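Asker: Residue numbers for the sequence shown follow the working numbering, beginning at 11 and rising by one.
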Amino acid sequence: MTDPTPNAWTTGAPSDVLDAAGGRYTVISADSHCGLPAPEYRDYLDAAFHADFDEYLAQQQAQRDEALTLNYDYIMGWETENEEGLRGSYDAAQRDKELDADGVAAEVMFADADAITGFASPPFGAGLGAGMIERPDLAFAGARAHNRFLVDFCATNPERRGGVALVPVAFDIDQGVAEVERLAGEPGIRGVMIPTMWRDKLPYNDAAYDPFWAAC
Numbered sequence: 011m012t013d014p015t016p017n018a019w020t021t022g023a024p025s026d027v028l029d030a031a032g033g034r035y036t037v038i039s040a041d042s043h044c045g046l047p048a049p050e051y052r053d054y055l056d057a058a059f060h061a062d063f064d065e066y067l068a069q070q071q072a073q074r075d076e077a078l079t080l081n082y083d084y085i086m087g088w089e090t091e092n093e094e095g096l097r098g099s100y101d102a103a104q105r106d107k108e109l110d111a112d113g114v115a116a117e118v119m120f121a122d123a124d125a126i127t128g129f130a131s132p133p134f135g136a137g138l139g140a141g142m143i144e145r146p147d148l149a150f151a152g153a154r155a156h157n158r159f160l161v162d163f164c165a166t167n168p169e170r171r172g173g174v175a176l177v178p179v180a181f182d183i184d185q186g187v188a189e190v191e192r193l194a195g196e197p198g199i200r201g202v203m204i205p206t207m208w209r210d211k212l213p214y215n216d217a218a219y220d221p222f223w224a225a226c
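1) Among residues of its own chain, excluding the 5 on either side of residue 89, which ones have a beta-carbon nearer than 8 Å to its beta-carbon?
2) Could you spell out the range, first to last residue, of the beta strand (DSSP E) harbouring residue 85?
3) Could you have a look at residue 163 and say whether DSSP puts it in helix, strand or coil?
4) Give the DSSP-derived three-state secondary structure of residue 150 in the structure shown.
5) What are the start and end residues of the alpha helix (DSSP H) that includes residue 192?
6) Using the beta-carbon count (16 or more within 10 Å), is residue 36 buried or exposed?
7) Which of helix, strand or coil does DSSP assign to residue 123?
8) At which residues does the beta strand (DSSP E) containing residue 176 begin and terminate?
9) DSSP three-state call for residue 214: helix, strand or coil?
10) Please report how far the alpha carbon of residue 203 lies from the alpha carbon of residue 120, in whole angstroms.
11) Count the C-beta pairs between the stretch 67-80 and the stretch 123-141 that are closer than 8 Å, then say yes if the count reaches three, no if not.
12) Could you compute how far the alpha carbon of residue 192 sits from the alpha carbon of residue 182?
13) If you follow the beta strand (DSSP E) that residue 200 is part of, which residue opens it and which one closes it?
14) By how many angstroms is the C-alpha of residue 133 removed from the C-alpha of residue 218?
15) How would you label residue 7, buried or exposed, when you count the other beta carbons within 10 angstroms and need 16 or more for buried?
16) In angstroms with no decimal places, state the Cα-to-Cα distance between residue 137 and residue 82.
17) May I ask you to report which of helix, strand or coil DSSP gives residue 35?
18) Measuring alpha carbon to alpha carbon, tell me which of 212, 64, 117, 53 ends up nearest residue 99.
19) Which of the three DSSP states is assigned to residue 196 in this structure?
20) My assumption, with CB atoms under 8 Å, is that residue 151 sits in contact with residue 44. Please give the rounded CB distance.
21) So, at 7 Å on beta carbons, what are the nonlocal neighbours of residue 48 in its own chain, with the 5 sequence-adjacent residues on each side left out?
22) How would you call residue 180, buried or exposed, if buried means at least 16 neighbouring beta carbons within 10 angstroms?
23) Could you say which of 135, 171, 194 lies nearest to residue 38 if we only look at CA atoms?
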């Protein structure tokens, strides 16, 4: 669809992407990412999991230190060059500034904002790597922490932010349904992401998941 007028969602420059007739396309990013620096998820995490979170952070820091040892120049160069853009993964004003500069009207936002060292991923790896978590309680605790952040972040500009919440339903279907119901109607929450299938979990075509699909 094309629109000959500047994008109504942007507060800055409209998209420069034009169709053959000179009309502007409405540009929506279908694969963006957001999330806090790992330590800052603590305020969104249930207190019962803070001790586990301390252990997780220590592991994450050790992995980051190892990555820096192996590839310091690249990582530091990338983080320095993209400092403002990376801040937009959790700073709403910076996020809108980046969108305006790129001419992007709105976006679909997944978790895991830092693809280089993973130090901006949800607690306990509850984002893209959720299927590998061994403890169901940590999978849901990490997911809920990110989802609480996501609700706050999307609420700053729900017309431009389409948040994809984390629901590790493969670990517990009833808890998965409850999380979907809790998030229903929150401004800017547009969908959910479920884990890739690992180990001994029921396949997603099993009828046991029907209540979850119905809730979605």
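Ideal Cβ placement from N, Cα and C applies to all residues, glycine included. Keep in mind it's a predicted model, so treat the numbers as computed, not measured.
Answerer: Taking the definition as stated:
1) Correct list, in chain order: 96, 126.
2) Here residue 85 belongs to no beta strand (DSSP E); instead the alpha helix (DSSP H) covers 60-91.
3) In the structure shown, residue 163 sits in a helix (DSSP, three-state: H, G or I).
4) In this structure, residue 150 counts as helix in the three-state DSSP scheme.
5) Residue 192 -> alpha helix (DSSP H) spans 183-193.
6) Label assigned to residue 36: buried.
7) If DSSP states are grouped into helix, strand and coil, residue 123 belongs with coil.
8) Element bounds for residue 176: 171-176.
9) DSSP, reduced to helix, strand and coil, places residue 214 outside both helices and strands of the structure shown, so it counts as coil.
10) The straight-line gap from Cα to Cα measures roughly 8 Å.
11) Taking one beta carbon from each stretch, the stretch 67-80 and the stretch 123-141 have 3 or more pairs nearer than 8 Å; the two touch.
12) Roughly 15 Å between the two C-alpha positions.
13) It spans 199-203 - the beta strand (DSSP E) in which residue 200 sits, taken as one unbroken run.
14) In a straight line, the C-alpha of residue 218 is about 27 Å away from that of residue 133.
15) Past the boundaries of the shown model lies residue 7; the chain is included only from 11 to 226, so the question cannot be answered.
16) Going from the Cα of residue 137 to the Cα of residue 82 covers about 25 Å.
17) Correct three-state label for residue 35: strand.
18) If we check each option's Cα against that of residue 99, 117 comes out closest.
19) Coil.
20) The C-beta distance from residue 151 to residue 44 rounds to 19 Å, too long to meet the 8 Å contact threshold.
21) Excluding residues up to 5 positions away in sequence, 67, 70, 129, 130, 131 lie with their Cβ nearer than 7 Å to the Cβ of residue 48 in the same chain.
22) So residue 180 counts as buried.
23) When each option's Cα is compared against that of residue 38, the closest is 171.
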